[in-house]
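Asks: Mind looking over this structure? Questions follow.
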Amino acid sequence: MDLAPHLSLPIGLADATSTFADPRVLLGLLASYLLGAVPFGFVMVRLVKGVDLRTVGSGNIGATNAMRVLGRPLGLVAFLLDLAKGWVPAALFAPWSTGHAPFASDVSVAVPVLFGAAAVVGHVLPVYLRFKGGKAVATGCGALIAIDPLVFLVGGASWLVALGLSRMVSVASLAMAVAFAAAAWWRAPAHVDGAFLGAGSSALAVLILWRHRSNIGRILKGTEPRIGARRAAPDDSNGPAPTTTHDQRTTR
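Going by UniProt numbering, the residue at position 150 of the sequence shown is 150; the numbering climbs one at a time, nothing skipped.
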């Protein structure tokens, strides 16, 4: 099977340049970033509890920290909103900007990947909070659900297995990030310009690993908390785990 047509960049530099110079594409990129930058967990905690989410729990603005303050029902809402920040740009903004039908299988994934990446950057570096944001997991998951649900399912399965074996949400999130990258390259031949999916997912994995560097340090020291274990210091792990206990310090 010849994979070259699927793993190549868009045919012709002129075509690629004209696509990314299109005003609608540029507007879509900006809209994707601005949507991704909306700190839903932070806003919900401020509205419901009247406190700054950055001053409680792990100090992270993600949904898991919000869940500790708001409780599981509203925390789950915050998680779904963070997920939607990645899904909407890749699933809706991208086809609008290129003039293609949503979820079309015969068009390039380049623009959806770039729009999803813009949303992830917004989540990690939100202009509304002086560029201090979350850890990319939920928003990255949302983008992958829109672009290739199978990649997300592989990553989600890896998350569950790693969580079951380690009982550490941080380990599960790291395993999921690596699985995303591997699954994306495996799925790349199924897409037009699939190299964008592989490269984008690999970049997401690197970003998640980098944002979890403090967790990695604690894992190596044997001090990273496990589900159900009480601990004294906050943890800033990241992962879509509504089953974590109140005392487990994980963030998204």
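Each residue gets a CB set at the ideal place from its N, CA and C atoms; glycine is no exception.
Once the 5 residues before and after Asp-22 are set aside, which same chain residues still bring their CB inside 6 Å of it?
Replies: Residue 22 sits at position 22 when you count from the first residue of the sequence shown. Around Asp-22: no qualifying Cβ.
Asks: Check whether the Cβ of Gly-164 lies closer than 7 Å to any Cβ atom in chain C.
Replies: In summary, chain C is missing from the structure at hand, where a single protein chain is found.
Asks: With the cut-off set at 7 Å, would you say Leu-174 and His-123 are in Cβ contact?
Replies: Along the sequence shown, one-based indexing puts residue 174 at 174. Along the sequence shown, one-based indexing puts residue 123 at 123. Against a cut-off of 7 Å, the Cβ pair of His-123 and Leu-174 comes out as no contact.
Asks: Which two residues bound the contiguous alpha helix (DSSP H) that contains Ile-216?
Replies: For the purposes of this step, residue 216 is taken as the residue at position 216 of the sequence shown. 213 to 221 is the span of the alpha helix (DSSP H), which, as asked, contains Ile-216.
Asks: What is the C-beta distance between Ala-63 and Gly-41, in whole angstroms, given that I count them as a contact (C-beta under 8 Å)?
Replies: The residue given as residue 63 occupies position 63 in the sequence shown. The residue given as residue 41 occupies position 41 in the sequence shown. Sure, about 5 Å apart at Cβ, within 8 Å.
Asks: Here's the rule: buried if 16 or more other CB atoms are within 10 angstroms of the residue's CB, otherwise exposed. What is Ser-8?
Replies: Taking the first residue of the sequence shown as 1, we reach residue 8 at position 8. Low per-residue confidence applies at Ser-8: pLDDT is 42, beneath 50, and the placement is therefore not dependable, though the value from the model is reported in the following sentence. Ser-8 is exposed by the Cβ-count criterion.
Asks: The alpha helix (DSSP H) spanning Arg-46 covers which residue range?
Replies: Taking the sequence shown and counting its residues from 1, one reaches residue 46 at position 46. Residues 40 to 49.
Asks: Nearest by alpha-carbon distance to Ala-199: which of Ala-181, Ile-208, Val-192, Ser-214 is it?
Replies: As a position in the sequence shown, residue 199 is number 199, starting the count at 1. Cα-wise, what sits closest to Ala-199 is Ala-181.
Asks: With three or more beta-carbon pairs closer than 8 Å as the criterion, would you say the region 108 to 119 touches the region 51 to 59?
Replies: Judged by Cβ distances under 8 Å, the region 108 to 119 makes no contact with the region 51 to 59, as fewer than three pairs qualify.
Asks: Measuring only the C-alpha atoms, how far is Glu-224 from Ala-205?
Replies: The sequence position of residue 224 within the sequence shown is 224, counting from 1. The sequence position of residue 205 within the sequence shown is 205, counting from 1. Distance between the alpha carbons of Glu-224 and Ala-205: 20 Å.
Asks: Please name the residue or residues paired with Val-192 in a DSSP beta bridge.
Replies: Position 192 of the sequence shown, counting from 1, holds the residue named residue 192. Ser-108, per the DSSP bridge assignment.
Asks: Just how far apart, CA to CA, sit Arg-46 and Asp-52?
Replies: Residue 46 sits at position 46 when you count from the first residue of the sequence shown. Residue 52 sits at position 52 when you count from the first residue of the sequence shown. Approximately 6 Å, taken between the alpha carbons.
Asks: Take the Cβ of Pro-102 as the centre, count every other Cβ of all protein chains shown within 10 Å, and call the residue buried at 16 or more, exposed below.
Replies: The count along the sequence shown starts at 1 and reaches residue 102 at position 102. The residue is exposed, with fewer than 16 neighbouring Cβ atoms inside 10 Å.
Asks: Could you please give the first and the last residue of the uninterrupted alpha helix (DSSP H) stretch that includes Pro-149?
Replies: Counting from one through the sequence shown, the residue named residue 149 turns up at place 149. Where Pro-149 is concerned, the enclosing alpha helix (DSSP H) stretches over 149 to 166.
Asks: My understanding is that Leu-27 touches Ala-118, with C-beta atoms under 8 Å, so please give their C-beta distance in whole angstroms.
Replies: Numbered from 1 along the sequence shown, position 27 holds the residue referred to as residue 27. Numbered from 1 along the sequence shown, position 118 holds the residue referred to as residue 118. No, Leu-27 and Ala-118 are not in contact; Cβ-Cβ is about 11 Å, not under 8 Å.
Asks: Which of the three DSSP states, helix, strand or coil, is assigned to Ser-173?
Replies: For the purposes of this step, residue 173 is taken as residue 173 along the sequence shown, with counting starting at 1. It is helical.
Asks: Assuming Val-37 and Val-120 are in contact, meaning their beta carbons sit under 8 Å apart, how far apart are those beta carbons, in whole angstroms?
Replies: Position 37 of the sequence shown, counted from the first residue, corresponds to residue 37. Position 120 of the sequence shown, counted from the first residue, corresponds to residue 120. In the sequence as displayed, the identity of residue 37 is Ala instead of Val. Not confirmed; about 10 Å, so no contact.
Asks: Any idea what DSSP makes of Leu-74, helix, strand or coil?
Replies: Taking the first residue of the sequence shown as 1, we reach residue 74 at position 74. DSSP places Leu-74 in helix when its eight states are reduced to three.
Asks: Rounded to whole angstroms, how far is the Cβ of Ala-177 from the Cβ of Ala-90, which I believe are closer than 8 Å?
Replies: Within the sequence shown, numbered from 1, the residue matching residue 177 stands at position 177. Within the sequence shown, numbered from 1, the residue matching residue 90 stands at position 90. Not confirmed; about 18 Å, so no contact.
Asks: Please report how far the alpha carbon of Leu-144 lies from the alpha carbon of Phe-152, in whole angstroms.
Replies: Taking the first residue of the sequence shown as 1, we reach residue 144 at position 144. Taking the first residue of the sequence shown as 1, we reach residue 152 at position 152. The alpha-carbon atoms of Leu-144 and Phe-152 are separated by roughly 6 Å.
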